[in-house]
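Okay, structure first, notes after.
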Amino acid sequence: MLQKVIFHIDELQKWKLLLHNVKNLLSSYENESSEVKIEVLANGEAVQAYASGFDESLTGKMENLSQRGVNFVACNNALTAYKIQKEQLSSFVIIVPAGVRELVDKQSDGYAYIKP
Amino acid sequence: MLQKVIFHIDELQKWKLLLHNVKNLLSSYENESSEVKIEVLANGEAVQAYASGFDESLTGKMENLSQRGVNFVACNNALTAYKIQKEQLSSFVIIVPAGVRELVDKQSDGYAYIKP
Amino acid sequence: MLQKVIFHIDELQKWKLLLHNVKNLLSSYENESSEVKIEVLANGEAVQAYASGFDESLTGKMENLSQRGVNFVACNNALTAYKIQKEQLSSFVIIVPAGVRELVDKQSDGYAYIKP
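Encoded structure:
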């Protein structure tokens with residue numbers, strides 16, 4: 015069985031907890047027949063952490079989780095509001111036009127919603 | 015296709031971000047065949063922003079979104095806790111007996127849940 | 015009809031509001047034919063409130079709600095991170111290996127999600 019989950023973050027200070035949550039969720043599926051597909055959707059001030067050089071420790075953890083299949087997604091409205099150019103983003107970051115729309119579409123597609 | 019979304023707010027400081035989120039969500043459906051129905055449910059301290067004169071800037075944005083079809087709903091338990099009379103509320107505000115019950119009923123009716 | 019709800023808490027300061035929310039939700043089903051099943055899932059720093067002696071007022075409210083059928087659940091990853099032993103927990107607390115996994119499984123089982 016495949017379970018799908020979208021994590022929502024809009025506060026910078028929540029990144030550490032969120033990445034810990036994602037890691038624990040992945041671990042909970044080890045040695046199991048069911049699988050999990052995880053997306054992290056950042057909007058508001060939280061998108062700043064996607065910029066290269068913002069916080070090496072966070073970026074390293076994101077990169078590691080990205081290699082384990084987690085999708086890191088940025089809201090383009092928020093990138094514009096925080097004046098972050100596409101070129102400044104870590105290479106694993108995916109951009110969607112509107113973060114809230116992504117949250118709606120994914121839940122409508124059966125994703126569970128978690129807001130740390 | 016009709017998508018339904020309920021935004022939940024229980025912190026006063028989140029109103030600005032939430033109204034921005036709602037506006038961006040509405041915009042994302044422009045020039046599309048699918049439609050969206052949006053409700054904003056406020057409980058806890060957040061209901062204070064529904065009182066006339068609390069914050070003209072917020073009220074103006076709410077009124078504008080209300081005219082675009084967004085429902086602004088207040089939890090009556092919270093209104094009582096914050097001693098806000100029905101007469102003090104902006105005219106577009108709808109009251110429900112219990113905000114949490116509204117969140118449950120709407121999700122059970124297929125609404126996506128977003129907590130900024 | 016049976017409605018199922020999972021409350022998620024990961025901030026200590028949100029306990030008072032959350033317990034108030036749970037109480038109001040229970041009250042909203044009084045004198046109704048439909049029923050509600052409520053679970054409170056705590057992870058992150060919020061698990062500290064499950065330790066006996068942490069806050070007598072909160073514990074008393076939890077105990078009362080527990081007797082009314084509410085399940086209080088702790089994330090074991092968080093208990094380990096905050097060095098809380100099983101023996102320190104209030105007797106009504108149930109432990110799950112990973113809080114985030116519980117949030118996913120319950121939503122997949124039809125629970126509505128509320129994050130105060």
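Residue numbers (the numbering used here), protein chains in the order written: chain A, 15 to 130; chain B, 15 to 130; chain C, 15 to 130.
All residues carry an ideal CB built from backbone N, CA and C; glycine is no exception.
Taking 6 Å as the limit between beta carbons, can you name the residues of its chain near residue i, skipping five residues before and five after?
i: Gly74/A; result: none
i: Leu93/C; result: Val61
i: Asp24/C; result: Asn57, Gly58, Ala60
i: Leu103/B; result: Tyr64
i: Leu33/B; result: Lys75
i: Glu101/B; result: none
i: Asp123/B; result: none
i: Lys51/B; result: Lys18
Take residue i and list the residues in its own chain whose beta-carbon comes closer than 8 Å to its own, dropping the five residues that flank it on each side.
i: Asn91/A; result: Asn57, Pro111, Ala112, Gly113
i: Asn35/B; result: Phe21, Ile128, Pro130
i: Ile108/C; result: Asn85, Phe86, Val87, Ala88
i: Leu31/A; result: Pro130
i: Ser47/A; result: Met15
i: Arg82/A; result: Leu40
Exposed or buried, which one is residue i when buried takes at least 16 other CB atoms within 10 Å?
i: Gln17/C; result: buried
i: Met76/C; result: buried
i: Asn38/A; result: buried
i: Asn78/B; result: exposed
i: Glu116/B; result: buried
Between residue i and the ligand GTP, is the CB less than 6 Å from at least one heavy atom?
i: Val107/B; result: Of the ligands one can find in the structure shown there are none, so the ligand GTP has no counterpart to examine.
Taking residue i as the query, report the chain C residues whose CB atoms sit under 9 Å from its CB, ordered along the chain.
i: Tyr64/B; result: The contacting residues do not exist; Tyr64/B stays about 18 Å from chain C at best.
Taking the CB atoms as reference points, tell me whether residue i and residue j lie closer together than 7 Å.
i: Lys129/C; j: Lys129/A; result: yes
i: Tyr64/C; j: Ala88/C; result: yes
i: Glu49/B; j: Asn85/B; result: no
i: His22/C; j: Leu55/C; result: yes
i: Tyr43/A; j: Tyr127/C; result: no
i: Lys97/A; j: Ile20/A; result: no
i: Ser66/C; j: Phe106/C; result: no
At a CB-CB cut-off below 7 Å, which residues of chain B make contact with residue i?
i: Val114/A; result: Asn35, Asn38, Leu39, Ile128
i: Ser105/C; result: Within 7 Å Cβ-Cβ: nothing; Ser105/C doesn't reach chain B, min ~26 Å.
Along chain B, in chain order, which residues have C-beta atoms closer than 8 Å to that of residue i?
i: Val118/A; result: Gln17, Val19, Leu39, Val50, Ala126, Ile128
Find the residues of chain A that neighbour residue i, judging by a C-beta separation of less than 7 Å, and give them in chain order.
i: Asn91/C; result: Asn38
i: Ser42/B; result: Pro111, Ala112, Arg115
Mind listing the chain C neighbours of residue i? Cutoff is C-beta to C-beta under 7 Å, in chain order.
i: Leu31/A; result: Asp24, Gly58
Under 8 Å Cβ-Cβ, which residues of chain A neighbour residue i?
i: Gln121/C; result: Ala126, Tyr127
Excluding the five sequence neighbours on either side, which residues of its own chain have a C-beta within less than 7 Å of the C-beta of residue i, listed in chain order?
i: Asp69/C; result: Ala63
i: Leu26/A; result: Glu59, Ala60, Gln62, Ala63
i: Gln99/B; result: none
Runs of beta strand (DSSP E) lying entirely within the segment 25-65 of chain A, each at least 3 residues, in chain order
49-56
Could you pull out every unbroken beta strand (DSSP E) segment of at least 3 residues lying fully inside the segment 75-102 of chain A, listed in chain order?
85-89
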